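The structure appears below as structure tokens.
2 protein chains.
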Amino acid sequence: MKIAILGGTGNIGKGLALRWECKHEIIIGSREQSKAEQIADSYAQILRENTTKTCNIRGVKNDKAVAMADIVIVAVPYQALKSLVDSIQPSLTNQVIISLVVPMEKQNSYLKYVQPDDGSAAVKLKKLVPDTIGVVAAFHNLSAKKLCNLESHLDYDVAVCGSDKEAKKKVIKLIEDINGIRALDGGELEDAVVIESLTPFLINLARRNNLQELGVKFV
Amino acid sequence: MKIAILGGTGNIGKGLALRWECKHEIIIGSREQSKAEQIADSYAQILRENTTKTCNIRGVKNDKAVAMADIVIVAVPYQALKSLVDSIQPSLTNQVIISLVVPMEKQNSYLKYVQPDDGSAAVKLKKLVPDTIGVVAAFHNLSAKKLCNLESHLDYDVAVCGSDKEAKKKVIKLIEDINGIRALDGGELEDAVVIESLTPFLINLARRNNLQELGVKFV
């Protein structure tokens, strides 16, 4: 698969780029070509140090990345979502978008989920793109730090929410290519509000209890 | 501690009564004295078969149970919350209430969280009781079945949400008396919406993925 990764909220995009271990073609998107190339080079360097496999990873501008991709990972802050979608709109044909977007803001030194009028960022995103685009929500409840540290053994569950059955199936299969992550059907796209609101909750939970970045496991 | 357990949504009350392993005095509350006694007897029987410790467990009417207790576990369906609180109101002095209440309804064969106007069932409950009562939310994301099966080894995390620091500290300490459960500070009472809404999500997740009842672990 050709996977475009746009944005890198809390390094989660980097972690994903690395954790697919060259099983897929990774296209790093950025607003600027030079920045995209630079990021892709740095990821390629890490992969060269950790694997002998041939990795296909490159960096291009967001719209070009989307045009080349089967799967588009959107990992930008909620505030940047609308302008990002505007900029990639002409390249959207029949890709599947995975939303990692979480609308949240700081309040009294903790993070607070700010529920959009549409119900969730994922539903909002679905409304911004053509009907031919399958949208799912996933990867909200992982430790980005742990994901980026290739020496760290993963043991996470990822709930995938989406109402486009084919798109959801495709994404679940893709996630299962990452060692140490179990992908589960998390229900409809409107259920994404649960996994989105869990993101600031987990960040606060780690902080309040002096723990490392937290992800989730359903046991 | 003297712990009153009112109601038993999905057997979670039963599981808790058993899992404290006679470290605390358990008072089962019910609308009828005879039913409370009957339930308490059946739990006592299970405990006799599983431990040699002396267990203090009895059943009385809800209002009497609350009057005797330091800690009150409220595990009734959301629809029954108001009338339950009305019935125990005269017995409420300075107890700590743990809310397990989740407002949810069936929709297309799955469960859906129905957010109350107050933000969560826990906040609603706080508004219904005197100011002297500390209210926390906990125990939403556990498998009741696993809790009730004493041969099953537990490995869960329980996030405790509450804005009364002393009450929260007391409950966290109490939860740590249960083998296999780690209690974590889950933030303010208003944060309870996250753990409440996770309850139907977990039930649906198990159903959609053909898994046993699910609880949660933060890793």
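So the sequences go chain by chain: V and Y. The first sequence maps to residues 1 to 219 in this note's numbering. The second sequence maps to residues 1001 to 1219 in this note's numbering. Don't be surprised by glycine CBs; every beta carbon is placed ideally from N, CA and C. Quick caveat: nothing in here was measured; it's all calculated off a predicted structure.
On the CB-based measure, 16 or more other CB atoms within 10 Å of its CB, does residue 1120 of chain Y come out buried or exposed?
If you draw a 10 Å sphere on the C-beta of residue 1120 of chain Y, you find 16 or more other C-beta atoms in it, and that means buried.
For chain V, find out if any of its Cβ atoms is closer than 8 Å to the Cβ of residue 1179 of chain Y; answer yes or no.
no
Quick one, which residues of the segment 180–193 of chain V are near chain Y if we go by CB-CB under 8 Å, in chain order?
Listed by position along the chain: 184, 185, 186, 187, 191, 193.
Please classify residue 1041 of chain Y as buried or exposed, where buried requires at least 16 neighbouring CB atoms within 10 angstroms.
Counting Cβ neighbours within 10 Å, residue 1041 of chain Y comes out exposed, since fewer than 16 surround it.
Following the continuous alpha helix (DSSP H) through residue 1004 of chain Y, name the residue where it begins and the one where it ends.
Segment 1002–1006 is the beta strand (DSSP E) holding residue 1004 of chain Y; no alpha helix (DSSP H) there.
Which of the three DSSP states, helix, strand or coil, is assigned to residue 97 of chain V?
strand
Beta-carbon of residue 208 of chain V versus every beta-carbon of chain Y: anything under 8 Å?
yes
Express the C-alpha separation of residue 34 of chain V and residue 1211 of chain Y in angstroms, rounding to a whole number.
46 Å
In chain order, what residues of the same chain lie with their CB nearer than 8 Å to the CB of residue 46 of chain V, ignoring the 5 residues before and after it?
18, 150
Excluding the five sequence neighbours on either side, which residues of its own chain have a C-beta within less than 6 Å of the C-beta of residue 152 of chain V, listed in chain order?
146
So who's on the other strand from residue 1060 of chain Y, going by DSSP bridges?
Y:1029
Pick from Y:1161, Y:1179, Y:1172: whose alpha carbon is nearest that of residue 1194 of chain Y?
Y:1161
Could you tell me which whole alpha helix (DSSP H) segments of length 4 or greater appear in the segment 1086–1154 of chain Y?
Annotation: the segment 1086–1154 of chain Y contains the following complete segments of the alpha helix (DSSP H) (minimum length 4 residues), in chain order: 1121–1128, 1144–1148.
In angstroms, rounded to a whole number, what distance separates the CA positions of residue 1190 of chain Y and residue 1123 of chain Y?
Each residue's Cα considered, the two are about 6 Å apart.
Please check the pair residue 1198 of chain Y and residue 1141 of chain Y, which I expect to be a contact at CB under 8 Å, by giving their CB distance rounded to whole angstroms.
5 Å
Consult DSSP for residue 76 of chain V and reduce its assignment to one of helix, strand or coil.
coil
Three-state secondary structure (DSSP) at residue 65 of chain V?
helix
Assuming the contact rule is C-beta atoms closer than 8 Å, residue 1068 of chain Y and residue 1027 of chain Y should be a hit. Round their C-beta distance to whole Å, please.
Correct: roughly 6 Å between the Cβ atoms.
Could you tell me the distance, in whole angstroms, from the CA atom of residue 1174 of chain Y to the CA atom of residue 128 of chain V?
48 Å
Can you have a look at residue 1130 of chain Y and say buried or exposed, based on whether 16 or more other CB atoms are within 10 angstroms of its CB?
exposed
Going by DSSP, name the residue or residues bridged to residue 181 of chain V.
V:156
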